[in-house]
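Undergrad: In the working numbering, the protein residues as written are 854 to 1023.
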């Protein structure tokens, strides 16, 4: 029973990644009193600002660094697949001692992979913020971009954030 509960909690944590994907794809910046989509799609993060940020070489460098670090990392994909395989193999193993080892190691691999990938993603957002700051130092029109307050509802509850950067609105 406790393994079932653990798997349910793990699946809730992993499914919350989709919640932050909505925020990422709908981020906007204000340029010249017009809203501009920052991310044209999930694979081209920050591309909506490229036209303006290319005017400043330092800002362009930060944007290129941001986009390079946003790419899919194969070690993360391999570790996630291995963790899922271990979990599935543990569910179908009849020996209870082996089953416990496979379930725990699979869940640990998935959890570690998720936390590392999410930490790298959140720390990479600094590059996009720096790109906008560098552009705003030397160029006009100014880009108003605040990724922390860039959600649809401005009356949302500040909430409790755990690396997922999810705003818990009531």
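Here a beta-carbon is modelled for each residue, glycine too, at the ideal position from N, C-alpha and C.
Under 7 Å, do residue 973 and residue 919 count as touching if we go by C-beta distance?
TA: No, the Cβ-Cβ distance between residue 973 and residue 919 is not below 7 Å.
Undergrad: Tell me the rounded alpha-carbon separation between residue 942 and residue 929.
TA: Each residue's Cα considered, the two are about 20 Å apart.
Undergrad: Give a yes or no on whether the C-beta atoms belonging to residue 984 and residue 932 are separated by under 7 Å.
TA: No, the pair does not count as a contact, with Cβ atoms beyond the cut-off.
Undergrad: With a CB to CB cut of under 7 Å and the five nearest residues on each side skipped, what residues in its chain are close to residue 987?
TA: Contacts found: 909, 911, 912, 915.
Undergrad: Suppose you measure from the CA of residue 978 to the CA of residue 940; what does that come to, to the nearest Å?
TA: Each residue's alpha carbon lies about 32 Å from the other.
Undergrad: Whose C-alpha, out of 900, 889, 879, is nearest the C-alpha of residue 995?
TA: When only C-alpha atoms are compared, the closest one is 889.
Undergrad: Which residues in the same chain have their Cβ closer than 6 Å to the Cβ of residue 964, if we skip the five residues on either side of it in sequence?
TA: Counting only Cβ-Cβ distances below 6 Å, and skipping sequence neighbours, we find nothing.
Undergrad: Is residue 876 helix, strand or coil when you go by DSSP?
TA: Low confidence applies to residue 876: its pLDDT is 48, below 50, so where it sits in the model is not reliable enough to give any reading.
Undergrad: Leaving out the 5 sequence neighbours to the left and right, which residues in its chain are closer than 7 Å to residue 992 when beta-carbon positions are compared?
TA: Within the same chain, residue 992 has close Cβ partners 908, 909.
Undergrad: Mind checking residue 968: buried by the 16 CB within 10 Å criterion, or exposed?
TA: Under this definition residue 968 is an exposed residue.
Undergrad: For residue 896, which of 944, 925, 966 has the nearest alpha-carbon?
TA: Taking only the C-alpha atoms, the option nearest residue 896 is 925.
Undergrad: Spatial neighbours of residue 966 within its chain, please: CB distance less than 7 Å, with the 5 preceding and 5 following residues excluded, ordered by chain position.
TA: For residue 966, where only same-chain residues beyond five positions count, the Cβ hits under 7 Å are 929, 932, 933, 936.
Undergrad: Quick check on DSSP: helix, strand or coil for residue 939?
TA: It is helical.
Undergrad: What number of angstroms, rounded off, separates the C-alpha of residue 876 from the C-alpha of residue 892?
TA: With a pLDDT of 48 at residue 876, under the threshold of 50, the predicted position of this residue should be treated as unreliable, though the coordinate-derived value follows. Approximately 10 Å between the Cα atoms of the pair.
Undergrad: Give, in chain order, every unbroken run of the alpha helix (DSSP H) that is at least 4 residues long and sits entirely within the stretch 887-929.
TA: Counting whole runs of 4 or more residues, the stretch 887-929 contains the alpha helix (DSSP H) stretches 903-906, 910-922.
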